[in-house]
Amino acid sequence: MAKQHVFECEGQWNGALMRGDGRFRAGSLQGEYSVPREMTGPGVGTNPEELLVAAAHTCYLMTLAALLGAEGVSYTELSNRTSAVFDSTPQGPVLVGLQHAPVVRMAPDARMLFGGTVQSCMLQAETACMVAKTMAGNVTVKVQGRVEAALETA
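Residue numbers (the working numbering): 365 to 518.
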């Protein structure tokens, strides 16, 4: 049987949905939240949409790092930009699309040896990530990454 881990979040909400705001704490993460300005809310602190994108982003990047490590690929820098598209529906916002744009910077000689492996890991990371598994079948996810050669300094 798999070992279970329990994570908790607690918080409060004040006021009506479109004018109110709240505070939350989840482990070492804490802050204010409300409906975003883009959705005619007050835009106080963060919002569930940003937190969902941040969860997908961090999970993808950590999974990519694990896959690259398992393949023996060393890099000098690993970064990513994740963007998400939400549809506004009468029932509320719905996440419909997510795109990761990872960049793996590595020594020029390593880039020549591992470029294809890195591209493969970029694609695998999306299906291996726990957050992506949760979204599977509900959200279209795209990955468009790059492998760059790090500049050599003398």
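Ideal placement from N, C-alpha and C gives every residue a C-beta, glycine not left out.
8 angstroms Cβ cutoff met for residue i and residue j
| i | j | result |
| --- | --- | --- |
| E372 | A390 | yes |
| L428 | M486 | yes |
| V495 | A420 | yes |
| V511 | G461 | no |
| D385 | P400 | no |
Classification of residue i by the beta-carbon crowding that lies within 10 angstroms, buried from 16 upward
| i | result |
| --- | --- |
| S398 | buried |
| M470 | buried |
| E490 | buried |
| H464 | buried |
| P454 | exposed |
| L381 | exposed |
| N411 | buried |
| T446 | buried |
| P466 | buried |
| V370 | exposed |
| V468 | buried |
Which residues DSSP lists as bridging residue i, in chain order
| i | result |
| --- | --- |
| M470 | A513 |
| Q483 | Looking at the DSSP assignment, Q483 forms no beta bridge with any residue, so it has no partner. |
| Q525 | Residue 525 cannot be examined here, being either before or after the span of the chain that is shown, 365 to 518. |
| K506 | Q463 |
Nearest-angstrom Cα separation, counted from residue j out to residue i
| i | j | result |
| --- | --- | --- |
| Q394 | V408 | 14 angstroms |
| F478 | E402 | 42 angstroms |
| S458 | Q488 | The residue asked about is misnamed: residue 458 is Val in this sequence, not Ser. Taking the straight line joining both Cα atoms gives about 25 angstroms. |
| S484 | Q368 | 30 angstroms |
| K497 | V505 | 11 angstroms |
| L432 | M499 | 23 angstroms |
| D473 | R383 | 55 angstroms |
| Y439 | T404 | 42 angstroms |
Every unbroken beta strand (DSSP E) within the region 382-464, with a cutoff of 3 residues, ordered by chain: Look at the region 382-464 and you find these whole runs of beta strand (DSSP E), each 3 residues long or longer: 385-390, 393-397, 441-443, 446-453 and 456-464.
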